[in-house]
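>
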Amino acid sequence: MQSVLLDVTTALRFFARRKAALTVIVVTMALALAANTTVFAVLHSFLFSNLAIPEPDRVVVVWTTKMQPGSGRVDFVDTRSNYLLLRQLTHSFSDLGQSVPMDANWEQKEDTRRLQGARVTASFFDVLRTRPLMGRLFGEQEEGPNAAPVVLISQALWRNSFAGAADAIGQSIRLNGVPHTIIGVLPAGFDQPTDTDVWVPFDLPKEMWTKVTGARQCATYARLAPGVTVEAADRELANFASHATAASPENKDWGWRAQPLKQVLLSGSDNVVLLVQGGAAVLLLLAICNLTSLLMAWAAERQRETAVRLALGASTWRIVRQFLIQSIILVGTGGAIGIGITWFAIPALQRLDPDPGLAALLRNVRFDPTTASFAFILIVVTGVLVGLIPARQTRAASLNETLRSETRGGSASGKSIRWQQAMVVFQAAISVLILACTAVAGLGLAKLNRIKLGYETRDRVALRIGFPEPAMASHEKRVQFVDAFEQKLAQEPSIVSYGLTSTLPAGDGGWGASLQPQLATGEWLPDPVVFHYRRVSPGYLRTMGIPVIDGRGLEERDRPDTLAVAVVSQALAQKYWPGQSAIGRKLRRANTTQAAPIVEIVGVVGNVHESGQVKTTETVYVPFSQHSLRRASAVVQGRGSMTDVVAATRRALRAAGPEVAAFNVATLQTLSRQTTALPRLQVVLLTVFALIAVGITAFGTYGVMSQLFAARKRELSIRGALGATAPSLLRLVLWQNARLGIAGTVLGSVGAWMASRWLQSRLTSFEPSGILEFAGVALGVLLLTQLASLVPALRATRLDVRVLVSS
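So the sequence shown is numbered by my numbering: it starts at 346 and just counts up by one.
1. On the CB-based measure, 16 or more other CB atoms within 10 Å of its CB, does V1136 come out buried or exposed?
2. Within 10 angstroms of the Cβ of H436, are there 16 or more other Cβ atoms? Answer buried if so, exposed if not.
3. Can you tell me which of the three DSSP states N1009 falls into?
4. For Q939, count the other beta carbons within 10 Å of its own beta carbon; 16 or more makes it buried, fewer makes it exposed. Which is it?
5. Compare the Cα-Cα distances from R580 to each of Q915, A603 and I943 and report the closest residue.
6. Between the Cα of A1120 and the Cα atoms of L778, L441, A493 and W1080, which residue gives the shortest distance?
7. Measure how close the beta-carbons of V405 and C563 come, nearest whole angstrom, since I'm counting them as under 8 Å.
8. If you draw a straight line from the alpha carbon of S756 to that of F360, how long is it in whole angstroms?
9. So for Y566, helix, strand or coil by DSSP?
10. Check R753 in the structure and name its three-state DSSP category.
11. Could you check the C-alpha separation between L998 and D536 for me, to the nearest Å?
12. Kindly indicate which residue of T783, G732 and G924 has the alpha-carbon position closest to the one of G624.
13. Enumerate, from N- to C-terminal direction, the unbroken beta strand (DSSP E) stretches of 3 or more residues contained entirely within the stretch 862-886.
14. Spatial neighbours of L908 within its chain, please: C-beta separation below 8 Å, excluding the five flanking residues on both sides.
15. Going by beta-carbon coordinates alone, are V981 and V806 separated by less than 8 Å?
16. Taking G489 as the reference, give the member of A927, L357, V770 and L549 with the closest Cα.
17. On the premise that E487 lies in contact with V495, defined as a C-beta separation below 8 Å, what is that separation, rounded to the nearest angstrom?
18. In angstroms, rounded to a whole number, what distance separates the CA positions of T565 and N505?
19. Count the other CB atoms within 10 Å of the CB of T368; is the residue buried (16 or more) or exposed (fewer)?
20. Output yes or no for whether 8 Å exceeds the beta carbon distance between L520 and W451.
21. Starting from N450, trace the beta strand (DSSP E) both ways and give me its first and last residue.
22. Beta-carbon separation of G799 and G951 under 8 Å?
23. Given a threshold of 16 other Cβ atoms within 10 Å of its Cβ, counted over all protein chains shown, does D542 qualify as buried or as exposed?
24. Can you tell me whether T355 is helix, strand or coil according to DSSP?
25. Per DSSP, what are the beta-bridge partners of S587 in this structure?
26. On the premise that G480 lies in contact with I528, defined as a C-beta separation below 8 Å, what is that separation, rounded to the nearest angstrom?
27. Can you say whether Q433 is buried or exposed, counting buried as having 16 or more other CB atoms within 10 angstroms of its CB?
28. Which residues in the same chain have their Cβ closer than 6 Å to the Cβ of W544, if we skip the five residues on either side of it in sequence?
29. Do you know whose CA, among A449, A501, L1075 and R568, lies nearest P524's CA?
30. Thinking just about the alpha-carbon of each residue, which of V384, F438, L694 and D471 is nearest to the one in P571?
31. Do you know how far the Cα of L1030 is from the Cα of R880?
32. Spatial neighbours of M987 within its chain, please: CB distance less than 8 Å, with the 5 preceding and 5 following residues excluded, ordered by chain position.
33. Short of 7 Å in beta carbon distance, which residues of its chain neighbour R561, apart from the five on each side in sequence? Order them along the chain.
34. Which first and last residues belong to the beta strand (DSSP E) in which T964 is found?
35. Just verifying my parser: in three-state terms, what is the DSSP assignment at R805?
36. L1075 by DSSP, collapsed to three states: which one?
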């Protein structure tokens, strides 16, 4: 024990003489270890969380899929009749259940609170193996038609709204105008489908119970049978498609596939997590290589001392232990700081709101004992690994070999020098790779930011509303409410303009409809095309600042009992009626089971970009009064404070329908900015990784070149004594480093080209880039390595052979 303490004291005295190197090493190691620990905490919260579901890896979502022009194969939810067919004909699943989303408006004494609700089958809880914390679940006999007015609530809602009281069971809450009796509380952490607060028995409109329609609204969940894999289930689902088509013509050209629930919940955010994981691992690898290189340089400085100690009888283990203690102290110090960084980084990440899928993933991230254990193991393993390499280099050193090496003019072994040269090449290559990927992502983001959205965002507020059922289950009731709501909005002095829409171009997914345009010949396009289909009130286009280019916009006269009309985007009009007017042309809804509805085009409006997409979308706008949905978004343009505008909008909503709640209230600028949040997050992460990598590379190059210079001091001084000029010595040393830098930048450029192509298929905003971007990055890294080696090179011009000989 005493000898170990002596080794620790010796190491600390050694570090005290090298404060600058020590600081840089500890900081870079802290950042690398913090990045890896934070990434582990995020991955652990998702990959190893049970989601309050036993065996969550056995739960899948069964999608229906269809090829969409320009989009490839797209996933959709399914119908009730197909679900019943799945239960009857498939054997890959032990349980199947369904859910449909429900806008739950909880009417309280003086306000209406919006809850996230779901209508689920009783078998839904069998699929997820969920049992209530208290109370009971509902049974199949309580499902619709005309489902029983009972409700299950989440544990969070129970604690926050009922103070965790046992007598909450049996209480009645008014949802969408209908009293519902609380029969059970579900366990902590359970919120499937995502973020659900209340669950009611499954029910559907009458026309959707028994037949397949164009409206596929039911999400199908299944638990894999024992021994069945997702791949095996997919093979059976591929065969199921033919049975589904035989059962209903509406299923023609549709397929089915199973996707693990965890993948569904992660949505597109898994690519960002992959990016962070890869970047953190690379940073740790760079930090390890840099620390290893430094320790090897220090080992070379003490090579004579080590050889003498071995010759005098010191054990090999004693030498190895010294290096291990040095390494563990450095890595441990960096690790302790890294844990502190992680402790503060996790809450900072949770305050981000880049994407609903990523936000849901980050919400449950914790610095728990498992994460702490991972950090401790990572620190120990890294410290031991880094310490063993220089220890292995010197453990067999002998005094004779060391003295012979020094008489030849070197202070380090050839193996040590080659290792350090390889580190310069490797670090330069990694820096080029990360910087090039950052440049490619940044250029793609800049391209997105330069796009003109096609609509105005300033001084505009958006809020979502759900029409409660059964109070507003009918189209007529929804139209009446919208009319009343807009009348109340018109009475608010702080509101300039307003309109309703089924979906927003910022933050909403595409809601498409299969349509057949009438061509210039008068014939219908034979194959239906999916267009973005937006149901809007007359004031929407004006409020959004979308210009009318030809014909007219939608107006108050477009009512349910008048001609069915539509307004289309310029991109759609130019595609199907190039050089001609689209006014008077018709669109037909593709529907094989009933008479196809036909709408007449009365106007052409400007193009908009949906959710940060580069390409404009082909959009059809139809009157909300003719084609309503059970939810919508109101867009309000106001004057003055946006807080006042929101308050005025809420007053109007309350006056028009006390049972209707607003949710997801935000400015349109915020929503538009969120559409590029993932690309921005990717660029920020890559930039942070790149800056750290460049710092490690610069310091590593400086350290290695200083050591290589020390190894050649005698040779360089003799060259000077024989007449070599200072500029020639400077060029000699710089060229030695330039060869290493060139090798690293070439390797890095090749790797960056391959990585950028791979990232383009997986991450948002990555655009194909030319040779100039890669050449610029490679040149920058090469100049950086040259600058890092400039100080050692300048020393070479001031060597005095007499000093070396006398020493």
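Here a beta-carbon is modelled for each residue, glycine too, at the ideal position from N, C-alpha and C.
Considering the structure as presented:
1. exposed
2. exposed
3. strand
4. Note that Q939 has pLDDT 47, beneath the 50 cutoff, so the model's placement of it is unreliable and the number below is only indicative. Label assigned to Q939: exposed.
5. Considering only Q915, A603 and I943, the residue with the shortest C-alpha distance to R580 is A603.
6. L778
7. Not confirmed; about 15 Å, so no contact.
8. Confidence in S756 is poor, its pLDDT being 47 and thus under 50, which makes the residue's placement unreliable; the coordinate value appears in the next sentence. Their backbone Cα atoms lie some 21 Å apart in a straight line.
9. strand
10. Low confidence applies to R753: its pLDDT is 45, below 50, so where it sits in the model is not reliable, and the reading given next is rough at best. If DSSP states are grouped into helix, strand and coil, R753 belongs with coil.
11. 29 Å
12. Checking every option, the nearest Cα to that of G624 belongs to T783.
13. Taken in chain order, the whole beta strand (DSSP E) runs of length 3 or more contained in the stretch 862-886 are 874-881.
14. Excluding residues within five positions, the ones whose Cβ falls inside 8 Å are E945.
15. yes
16. L549
17. 6 Å
18. A straight-line Cα-Cα distance of about 30 Å links T565 and N505.
19. exposed
20. yes
21. F438 to E452
22. Closer than 8 Å, so yes.
23. buried
24. T355: helix per DSSP, three-state reduction.
25. Residue pairing by DSSP leaves S587 without any beta bridge partner.
26. 5 Å
27. exposed
28. A463, V465 and L497
29. A449
30. F438
31. Cα to Cα, the separation comes out at about 38 Å.
32. So the qualifying residues of the chain are D804, V806 and T1012.
33. T409, F421, V422, D423 and T424
34. T964 to P968
35. strand
36. helix
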